[in-house]
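There are 4 protein chains.
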Amino acid sequence: MPEAVAALTERGARTRERILLAAREVFEEQGFLDTRITHITRRARVAYGSFYTYFPTKEAVFFELADRLFEDMTTHEPATAATPAERIRGVNRAYYEAYRRNARLMAIVEQVATFNEEFAGRRRAHRAWHVERSARAIRRWQRDGAVDATLDPRMAARALAAMVDHSLYLWLVHDGGPDAGTLLDTLDALTARALGLPG
Amino acid sequence: MPEAVAALTERGARTRERILLAAREVFEEQGFLDTRITHITRRARVAYGSFYTYFPTKEAVFFELADRLFEDMTTHEPATAATPAERIRGVNRAYYEAYRRNARLMAIVEQVATFNEEFAGRRRAHRAWHVERSARAIRRWQRDGAVDATLDPRMAARALAAMVDHSLYLWLVHDGGPDAGTLLDTLDALTARALGLPG
Amino acid sequence: MPEAVAALTERGARTRERILLAAREVFEEQGFLDTRITHITRRARVAYGSFYTYFPTKEAVFFELADRLFEDMTTHEPATAATPAERIRGVNRAYYEAYRRNARLMAIVEQVATFNEEFAGRRRAHRAWHVERSARAIRRWQRDGAVDATLDPRMAARALAAMVDHSLYLWLVHDGGPDAGTLLDTLDALTARALGLPG
Amino acid sequence: MPEAVAALTERGARTRERILLAAREVFEEQGFLDTRITHITRRARVAYGSFYTYFPTKEAVFFELADRLFEDMTTHEPATAATPAERIRGVNRAYYEAYRRNARLMAIVEQVATFNEEFAGRRRAHRAWHVERSARAIRRWQRDGAVDATLDPRMAARALAAMVDHSLYLWLVHDGGPDAGTLLDTLDALTARALGLPG
DNA sequence: TATGAATGAGCGTTCATTCAT
DNA sequence: TATGAATGAACGCTCATTCAT
């Protein structure tokens, strides 16, 4: 979120991009806390001072990377589906793919969110957007009679999103194995049954 | 100049406890990263150096607090229940109570787990213990015919534990409201239905 | 934040040199142990952190100063001499001059060698080089019949080097007087006679 | 050099001795600088505070150990000898034996003398006493016509003492081998010849 | 724009010494 | 005497940020 993006020359834009790329790599390898500005500039093959030509702080680069990440996590929508169960399956698979692509950076996102209040806010907003979308789907399905009307749609969306999100986090960032197939099948099944959808 | 002594005098044990208590308070208020040893010693009303009489590092106090915390999160078992659904409800409520008691410190636990590999390992082990216990229950219910036999018990336990755990984390640490009643009811309902238990 | 860089700009090289110079002065005045990094940076009129731009530790500056010192103690060779006795006299005077120039730092060299094993090793190597050179001369003189062949040349070189070295150390660092003439004459005479050379 | 030795009870004297013994061991193993009061008290199996019951500072124990050491290095006199050469040989052997017994502590003596001005003074006085005794012997031998009268007796004594002392230091503390025979023979021979004594 | 040297506040840790019991 | 807990000044090192060129 640079204040003066417009003013960048072609060359400047390239340097900026090199720094962003390098920062992502280093953050993923070392974590935010252990990353030094030197690590980033060395990786980007630019001078130490050049970092501050484009970003005011270490947080700033990270925020921009996270913005791009959230964008990427949101835009890859699955094709439309015939039934709610298929819809759920499609969304879960798409989310899994996006998470897998970005797992290393997602780990850093969790890290930074635990000590940077501002960033925690952004993360919350991003999550709320997801939850809200799910809640709308559940409400729709309740109106259609496909889902039990006694469920609180917002709360159910929260809980199911937490299940999927945290399961993927633990699997892809911490102690998952090579095969996520069973995990994904289980998530699909649990979600569908929890909502009372026909398998 | 004893280093993390085993044998303590009565007086020494008291001072050590004061430091632990103070550390917990400060960690909860400032987070692990922003906590300075001075903050802890000032709060405990002991000299700066006294911290190091009892703990070799800031990590060490935290680890001990976390051990006590895990202990507390594990030992408060609910009364026995008649049906699986009642059992789930009981476990969830007990876990919620324990989480609520310790929410502030749990937030720090998440923080430290994101950058301290050793601690992440301990946390993983603690989580695995919980999951394993749930998996055993699910297997039992499957043998009894109460739960669909096609579900992978270990994976289902993982996912449902992730749901409950992360929901409580988000609610109690981040953006929950004063009333957790609906959340708990939703968690109970979703868990029971996901497993195919009669409401 | 470069760590002990090889490539330096002109300006960087100047600053580095200022720090080295200041370090030598402070070491000579206070000794290695009582020297604080602040003392050095204050003397050099640079910021505290600038010390660490060029040297990783206090030991590192000292090692570099010692390397230069050993270089200086080694390279000032006396003019060639006609007789062994004249040769001895020439070497002794040259060594005395070099020692006098560097007496304050030599004192610190002794200090550091008593507690830093790595440095003691370097010092030993430097001494061995000197002893070996003397041993070669003694062997040559033995072949020429000028020196008694029953003497162990290596051991004699060791002992005589110890005599000269330690005498100068005690004289120039500890309790010598203003006039070293008698000392030098005595060292020349004792060395020559000990080897059985004609006065 | 305790101020209140007289007031020690039998039990107190024993504790004090235990501390002195332990201190010597630890100093020898770790050096003065790396020795901590705890190391000493642990080794002596006394309470931390007991150290300060008997010695005001770390330096104080060391000074007392050094006093005893100097005493031991001085009092073991060789049997009377017939000729100056035999006398020299006898003194050198006795000094070698004493040095060998105390080599580890002598190393620490050198260490402390490099940074403690007060102790350097004591060491100087001890050395002066030795040198003076040698100078007297040389003067006597000069009067007897056994040694060349042109030699400055004080200066020669200084130089020859430096030779023996430093040779033994380097041999026993730094890089000597198991067999000191050749070294001692060389020292005897060099000393005798340097003074012009008949072998 | 690009460079890399300069800055200095900040913090963890050590350990000799004191003191209450 | 003996004990061991309590004290806190001291110092090395880090590293984000600034600045001169």
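Chain order of the listed sequences is B, F, D and P.
Residue numbers for the first sequence follow this note's numbering, beginning at 1 and rising by one.
Residue numbers for the second sequence follow this note's numbering, beginning at 1001 and rising by one.
Residue numbers for the third sequence follow this note's numbering, beginning at 2001 and rising by one.
Residue numbers for the fourth sequence follow this note's numbering, beginning at 3001 and rising by one.
The beta-carbon is built from N, C-alpha and C at its ideal position, and this holds for glycine as well.
Are any of the Cβ atoms in chain D nearer than 8 Å to that of P:SER3134?
no
Flag this pair as yes or no: are the beta carbons of D:LEU2190 and P:LEU3160 separated by less than 8 Å?
yes
Backbone CA spacing between D:ALA2194 and P:LEU3105 [nearest angstrom]:
31 Å
Between which two residues does the alpha helix (DSSP H) containing D:PRO2084 stretch?
2084-2113
Let me know the secondary structure DSSP gives F:TYR1052 once reduced to three states.
helix
For F:GLU1076, which of helix, strand or coil comes out of DSSP?
Here the sequence assigns His to residue 1076 of chain F, which means Glu is not the residue at that position. Here F:HIS1076 sits in coil by DSSP.
Among P:VAL3061, P:ALA3180, P:SER3167, which has the Cα closest to the Cα of P:PHE3119?
P:VAL3061
Do D:HIS2130 and D:ALA2098 have their C-beta atoms closer together than 8 Å?
no
Buried or exposed (CB count within 10 angstroms, at least 16 for buried), D:PRO2084:
buried
Report the neighbours of D:GLU2110 on chain P: residues whose CB is nearer than 7 Å to its CB, in chain order.
THR3114
Whose C-beta lies closer than 8 Å to the C-beta of P:SER3167 among residues of the same chain, with five residues either side of it excluded?
LEU3183, LEU3187
Does the contact criterion of 3 or more C-beta pairs under 8 Å hold for the stretch 10-22 of chain B versus the stretch 33-47 of chain B?
yes
Interface residues of chain B facing F:GLY1196 [CB-CB closer than 8 Å]
ARG193
Under a CB-based cut-off of 8 Å, is B:ASP188 close to chain F?
no
Spell out whether any CB of chain D is found under 8 Å from the CB atom of P:LEU3069.
no
Which whole-angstrom value is the C-beta distance of D:PRO2078 and D:ALA2094, which I expect to be below 8 Å?
4 Å
Under 7 Å Cβ to Cβ from P:GLY3031, same chain only, skipping five residues before and after it: list those, please.
ILE3108, GLN3111
Could you check whether F:TYR1054 and F:ARG1016 sit closer than 8 Å to each other, using their CB atoms as the reference points?
yes
Since D:VAL2146 and D:LEU2197 are thought to touch, with beta carbons under 8 Å apart, how far apart are those beta carbons, to the nearest angstrom?
Correcting the residue type first, residue 2146 of chain D is Ala in the shown sequence and not Val. The pair is a contact, with the Cβ atoms about 6 Å apart (cut-off 8 Å).
Count the other CB atoms, across all protein chains shown, that sit within 10 Å of the CB of B:THR114; report buried if there are 16 or more and exposed otherwise.
buried
Assuming D:ARG2133 contacts D:PRO2153 (C-beta within less than 8 Å), just tell me the rounded distance between them.
Contact flag wrong, Cβ pair sits at about 11 Å.
Determine, using beta carbons only, whether D:THR2035 and D:PHE2027 come nearer to each other than 8 Å.
yes
Answer yes or no: does any C-beta atom of chain F fall closer than 8 Å to that of B:ARG124?
yes
For P:ARG3068, the nearest candidate out of P:MET3155, P:ARG3122, P:TYR3169, P:ASP3179 (CA to CA):
P:ARG3122
For B:SER61, does the three-state DSSP call read helix, strand or coil?
Correcting the residue type first, residue 61 of chain B is Val in the shown sequence and not Ser. Three-state result, B:VAL61: helix.
Does the beta-carbon of P:TYR3052 have 16 or more other beta-carbons within 10 angstroms, so that it is buried, or is it exposed?
exposed
What number of angstroms, rounded off, separates the C-alpha of D:ARG2101 from the C-alpha of D:TYR2169?
12 Å
Over what stretch of residues does the alpha helix (DSSP H) that includes P:ASP3034 continue unbroken?
3010-3034
How many Å lie between D:ASP2144 and D:LEU2151 at the Cα?
14 Å
Using a cut-off of 8 Å between C-beta atoms, extract the partners of B:LEU33 located in chain F.
LEU1033, PHE1115
If you compare alpha carbons, which of F:ILE1040, F:LEU1033, F:THR1009 is closest to F:ARG1024?
F:ILE1040
Cα separation between F:LEU1008 and F:ASN1116?
29 Å
So which residues of chain B does F:ASP1175 contact, with C-beta pairs closer than 7 Å?
ARG124
Leaving out five residues before and five after P:ALA3158 in sequence, what residues of the same chain have Cβ atoms less than 6 Å from its Cβ?
Rather than Ala, the amino acid found at residue 3158 of chain P in this sequence is Arg. VAL3131, listed in sequence order.
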